[in-house]
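To start, the structure itself, in structure tokens.
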Amino acid sequence: MKSKFLIATFLILASILFVSVPAVHAVNLGQEIGGQLNAAAGNKGADFGAAKDPRLIVADIIIIVLQLLGIIFFALMVYAGFLWMTASGNEEKVETSKKIIFQAVIGLAIILASYSITIFAVRISMGDVGPNYGNGWGVTPLAPQYCNQGSCY
Numbered sequence: 009m010k011s012k013f014l015i016a017t018f019l020i021l022a023s024i025l026f027v028s029v030p031a032v033h034a035v036n037l038g039q040e041i042g043g044q045l046n047a048a049a050g051n052k053g054a055d056f057g058a059a060k061d062p063r064l065i066v067a068d069i070i071i072i073v074l075q076l077l078g079i080i081f082f083a084l085m086v087y088a089g090f091l092w093m094t095a096s097g098n099e100e101k102v103e104t105s106k107k108i109i110f111q112a113v114i115g116l117a118i119i120l121a122s123y124s125i126t127i128f129a130v131r132i133s134m135g136d137v138g139p140n141y142g143n144g145w146g147v148t149p150l151a152p153q154y155c156n157q158g159s160c161y
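Under our numbering, the sequence shown is numbered contiguously, ending at residue 161.
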């Protein structure tokens, strides 16, 4: 019985200690965090540059993937051309290279269509449409601007 009482008393005192100490220091917690972040990063912060719109980040990723697919198209064309040039009259190799070229050209058409659709969708989502709006990927009069200390993005 005595050990149960000691364990219960210890648990109560420990819980009071862990609950009351953070409550006492929570008043200056925001200032403390701000001070620590300012000491670590300074006034410029981490200096990653201006924030970028997530729509533009997704568009950049899609465009990079499409560019990689374009490189694969080029490699397929070189491979098919090599097969054709080294066929030495073998009709099977010539037909295989023709199939590869045909399929690569269809793939290129799909890549170009995807690229065009991506550019169009980003321009629509950013409000960059019409002959007098924006300069490509930049912020346009129709798109919301986020300004912080004079720099808008």
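Glycine residues also receive a C-beta, built at the ideal position from the N, C-alpha and C atoms.
Item, Value
"Hey, L74 and Y123: beta-carbon distance below 9 angstroms or not?", "yes"
"Should K12 be labelled buried (16 or more other beta-carbon atoms within 10 Å of its own) or exposed?", "exposed"
"Quick one: residues in its chain with C-beta nearer than 6 angstroms to the C-beta of S105, no 5 flanking neighbours on either side, listed in chain order?", "A88, L91, W92"
"Rounded to the nearest angstrom, what separates I70 and G42 at their Cα positions?", "37 angstroms"
"Which residue marks the beginning of the alpha helix (DSSP H) containing K106, and which one marks its end?", "99-134"
"Would A58 be called buried (16 or more neighbouring beta carbons within 10 Å of its own) or exposed?", "exposed"
"Is the CB-CB distance between I109 and L84 below 9 angstroms?", "yes"
"My understanding is that G115 touches F82, with C-beta atoms under 8 angstroms, so please give their C-beta distance in whole angstroms.", "Going by Cβ atoms, the distance from G115 to F82 rounds to 11 angstroms, so no, they are not a contact pair."
"Enumerate in chain order the residues of its own chain whose CB-to-CB distance from I20 is below 8 angstroms, with the five nearest sequence positions on each side excluded.", "none"
"Which residue comes first and which comes last in the alpha helix (DSSP H) that contains M93?", "62-93"
"Are the beta-carbon atoms of G95 and V102 separated by less than 9 angstroms?", "The question names Gly, yet the displayed sequence has Ala at residue 95. Yes, these two residues count as a Cβ contact at 9 angstroms."
"Quick check on the burial criterion: 16 or more other C-beta atoms within 10 angstroms. Buried or exposed for A67?", "buried"
"Might you give, ordered along the chain, the residues of its own chain that have their beta carbon closer than 8 angstroms to the beta carbon of I119, omitting 5 neighbours on each side?", "L74, L77, G78, F81"
"Just mark S23 as buried or exposed, buried being the case when its beta carbon has 16 or more other beta carbons within 10 Å.", "exposed"
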